[in-house]
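Novice: Sharing a structure here in structure tokens format.
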Amino acid sequence: MTTFDDREHAFETKFARDEDLLFRVVSRRNKLLGQWAAARMGLNPEETDAYAAAVVQAEFEEAGDEDVIRKLVGDLTAAKVAIDDAQVRAALAEKTEEARRQLMEQQ
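With numbering that gives the first Met the number 0, letter number 64 in the sequence shown gets 63, and the count goes up by one each step, no holes.
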């Protein structure tokens, strides 16, 4: 194998690891967001688990975070929780950092 092939393989491996980590961070973040929203809606523990799973599933509807934000704002508004898009986006940023920290602590 040449040096170029070694470098190419190293970049491909790093890319795969980075993508896996990103997927795990986003999934953990969405679970945390679901728990956050469930607490604001006053759901019980069983409902909280189901709702957090639904938020994780919402990520797969379209690329990006907009589907999750739309779900959270809609559900919170329907539950008569005073919330706006900016508050959900702030929670999203906060939970992203929390998820990243949790995953790093596990490793």
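We treat Cβ as the ideally placed atom computed from N, Cα and C, and that holds for glycine.
As the structure is a computational prediction, the values presented were derived from the model and not from experiment.
In this structure, does DSSP put Lys70 in helix, strand or coil?
Specialist: Position 71 of the sequence shown, counted from the first residue, corresponds to residue 70. DSSP places Lys70 in helix when its eight states are reduced to three.
Novice: Mark Gly63 as exposed unless 16 or more other C-beta atoms lie within 10 angstroms of its C-beta, in which case mark it buried.
Specialist: On the sequence shown, residue 63 is found 64 positions in, with the first residue counted as 1. Looking at its Cβ environment, which holds fewer than 16 other Cβ atoms inside 10 Å, Gly63 is exposed.
Novice: Report the residue from Glu65, Ala98, Glu97 whose alpha carbon sits nearest the alpha carbon of Val87.
Specialist: In the sequence shown, the residue the question calls residue 87 occupies position 88. Ranking Glu65, Ala98, Glu97 by Cα distance to Val87 puts Glu65 first.
Novice: Quick one: Cα of Arg100 to Cα of Arg23, how far?
Specialist: Residue mapping note: residue 100 aligns to position 101 of the sequence shown, counting from 1. Residue mapping note: residue 23 aligns to position 24 of the sequence shown, counting from 1. Going from the Cα of Arg100 to the Cα of Arg23 covers about 12 Å.
Novice: Can you name, in chain order, every residue of its own chain whose Cβ lies under 8 Å from the Cβ of Val67, other than the five neighbours on each side?
Specialist: Reading the sequence shown from its first residue, position 68 is the one you call residue 67. Correct list, in chain order: Asn29, Leu32, Val54, Ala57, Glu58, Leu91.
Novice: I'd like to check one pair, Ala36 with Glu46: are the Cβ atoms closer than 8 Å?
Specialist: The residue given as residue 46 occupies position 47 in the sequence shown. The residue given as residue 36 occupies position 37 in the sequence shown. No, these two residues do not count as a Cβ contact at 8 Å.
Novice: Where does the unbroken alpha helix (DSSP H) through Gln56 begin, and where does it stop?
Specialist: On the sequence shown, position 57 is the one that residue 56 refers to. Counting along the chain, the alpha helix (DSSP H) containing Gln56 begins and ends at 44-57.
Novice: Kindly indicate which residue of Asp84, Thr1, Glu60 has the alpha-carbon position closest to the one of Leu71.
Specialist: Within the sequence shown, numbered from 1, the residue matching residue 71 stands at position 72. Closest option to Leu71, Cα to Cα, is Asp84.
Novice: In whole angstroms, what separates the C-alpha of Leu42 from that of Asp48?
Specialist: As a working mapping, residue 42 is identified with position 43 in the sequence shown. As a working mapping, residue 48 is identified with position 49 in the sequence shown. Approximately 9 Å, taken between the alpha carbons.
Novice: Tell me which residue opens and which closes the alpha helix (DSSP H) that Ala36 is part of.
Specialist: Stepping through the sequence shown from its first residue, residue 36 is reached at position 37. That run of the alpha helix (DSSP H) goes 2-40.
Novice: Would you tell me roughly how many angstroms separate the C-alpha atoms of Thr95 and Lys13, rounded to the nearest one?
Specialist: Position 96 of the sequence shown, counted from the start, is the residue given in the question as residue 95. Position 14 of the sequence shown, counted from the start, is the residue given in the question as residue 13. Their backbone Cα atoms lie some 21 Å apart in a straight line.
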